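Input: a single structure, listed below in structure tokens.
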Amino acid sequence: MISVNLTLYSPRSTRNTRIERLWVEVGTQFARRWRAFFTRLGRLHNLDRKNPGHLWLLHRLFLHELNDDCHEFQEEWNLHPISGRMTNDQSPADIRFLGQTTEGIYREDPLDGIHPDVINRYYGVAGARRRRPRNQTGAGIASDDEGESDADGPSVEEELENQIGADLAQNIRHEPVPVAQHRSPFKDPDLESDFLELLEGLLEQPDALPEDYGVLEDEWEEEDYPEIEIIKPGRRGKELVIALPRPDWFPRAARWVQALDLLTRFLDEIEGTESASGNEDGSQDLGSDDSE
């Protein structure tokens, strides 16, 4: 079955057509719409993708909705029939149910969520492979007779991690993609809590929209708010036109600009307060020097 975490399942792309189809479905069913929406926020509504504070705010506003879409897709995918001799048009949910019925269910299985191919290859394997003399299987030979282990060498867990990493290295065909940083712009947790409390109250007023953020009617590029966005999903320059129906996506854009405007004003006020406090301290110091 599809799992939200697919980290451990990394076979060669050219030999894994099912996973390629899955990623296409992920894109067409929900991921491309979110990408188009974030592209629009950057194009029209002052999102700076290089600003860690802006990305933190995106997480606060939309991560739960994006995860909801992902889980909804997961449930639908696990109910779709799979063609082939081995599956007979059964869905992943059907196959799992039949497997649990015939084989039983493991309770609190520590390997739950790990792909069977990974389990078959690595589970129960400790240390590097050993080469034995011809006709010797290792049965009846104590481990102490096989030479002393290097106490300074890597642990069993480290050896296994290194082995898995080496096996999967052949599947990596490009340099790592840099991941944008996101972090809270607040150094003080209390200030962050104050901001989130103010934001919660503000979002209850959907018509309280700020100026100069592209959401007011007289700020639109055309007569109506746009319902399509163009993205480039690959490196070949191909463009895709993504529909973003106004009833679904304009309220999200409005939430974004409300939150961004509040964050900007909140941080400006903090900066002004800190500057004023610093000036007062400096004035007091100068006054004490004069009095002396």
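Using the working numbering, the first residue of the sequence shown is number 910, and each one after it goes up by one.
Don't be surprised by glycine CBs; every beta carbon is placed ideally from N, CA and C.
Quick caveat, the model's predicted, so the values are computed rather than measured.
Between which two residues does the alpha helix (DSSP H) holding residue i run?
i: E1101; result: 1098-1111
i: D978; result: 961-986
i: P1001; result: 1001-1012
i: N1080; result: Per DSSP, N1080 belongs to no alpha helix (DSSP H) and is neither H nor E.
i: V1027; result: 1025-1031
i: A945; result: 941-953
Count the other CB atoms within 10 Å of the CB of residue i; is the residue buried (16 or more) or exposed (fewer)?
i: A1117; result: exposed
i: Q1167; result: buried
i: V1088; result: exposed
i: R1005; result: exposed
i: A1075; result: exposed
i: A1078; result: exposed
i: I1081; result: exposed
i: H980; result: exposed
i: S1058; result: With a pLDDT of 47 at S1058, under the threshold of 50, the modelled position of this residue cannot be trusted, and the question is left open.
i: R1207; result: There is no way to answer for residue 1207, as the model of the chain reaches only from 910 to 1201.
i: H1083; result: exposed
i: S1102; result: exposed
i: Y1122; result: buried
i: W943; result: buried
i: H968; result: exposed
i: H963; result: buried
My understanding is that residue i touches residue j, with C-beta atoms under 8 Å, so please give their C-beta distance in whole angstroms.
i: R853; j: L1149; result: Nothing in the structure corresponds to residue 853, since the chain is present only between 910 and 1201.
i: W1165; j: H954; result: 6 Å
i: F946; j: R1161; result: 7 Å
i: P1142; j: G936; result: 7 Å
Look at the alpha carbon of residue i and the alpha carbon of residue j, and state the distance between them as a whole number of angstroms.
i: D1021; j: G1013; result: 14 Å
i: Q938; j: L1108; result: 30 Å
i: A1185; j: N987; result: 59 Å
i: K959; j: Q1090; result: 8 Å
i: I1137; j: E1017; result: 46 Å
i: E985; j: R1174; result: 42 Å
i: K1096; j: D978; result: 32 Å
i: L1105; j: S1093; result: 11 Å
i: V1264; j: I1140; result: Nothing can be reported for residue 1264, as the shown portion of the chain is limited to 910 through 1201.
i: L915; j: I928; result: Any reading at L915 is ruled out, since the residue's pLDDT is 39, under 50, leaving its predicted position unreliable.
i: A1163; j: P1115; result: 7 Å
i: R1144; j: R941; result: 15 Å
i: Y918; j: I1028; result: Caution applies to Y918, whose pLDDT of 39 falls short of 50 and renders its modelled position unreliable; the value that the coordinates give is listed next. So the two alpha carbons sit approximately 11 Å from each other.
i: D1026; j: I1073; result: 12 Å
i: E1066; j: P1019; result: 16 Å
i: D1157; j: L1007; result: 39 Å
i: D1170; j: N976; result: 25 Å
i: R1031; j: E1068; result: For the sequence presented, residue 1031 should be read as Tyr rather than Arg. When rounded, the distance between both Cα atoms is 11 Å.
i: E1126; j: R1155; result: 13 Å
i: E934; j: F982; result: 9 Å
i: D1099; j: L1172; result: 15 Å
i: I1111; j: L1176; result: Per the sequence shown, the amino acid found at residue 1111 is Leu instead of Ile. The alpha-carbon atoms of L1111 and L1176 are separated by roughly 16 Å.
i: W965; j: S992; result: 42 Å
i: R994; j: S1064; result: 43 Å
i: T1011; j: A1002; result: 14 Å
i: I1023; j: D957; result: 37 Å
i: T996; j: Y1015; result: 23 Å
i: K1147; j: V1086; result: 20 Å
i: E1055; j: P961; result: Reliability fails at E1055, whose pLDDT of 48 lies under 50, so the model's placement of it is uncertain and the value that follows must be treated cautiously. Each residue's alpha carbon lies about 54 Å from the other.
i: P990; j: Q999; result: 5 Å
i: I1151; j: E974; result: 18 Å
i: E1113; j: R952; result: 26 Å
i: Q1009; j: F971; result: 36 Å
If I follow the unbroken beta strand (DSSP E) through residue i, where does it start and stop?
i: E1138; result: 1137-1140
i: V1150; result: 1149-1152
Does residue i have its Cβ less than 8 Å from a Cβ in chain B?
i: R994; result: Absence of chain B from the displayed structure is noted, only one protein chain being present.
Return yes when the C-beta of residue i is under 7 Å from any heavy atom of the ligand PLP, and no when it is not.
i: E1101; result: Looking at this structure, you won't find the ligand PLP or any other ligand, since it has none at all.
Practice task
Pair every Cβ in the stretch 1175-1183 with every Cβ in the stretch 1133-1140, then say whether three or more of these pairs are closer than 8 Å.
Solution key: no
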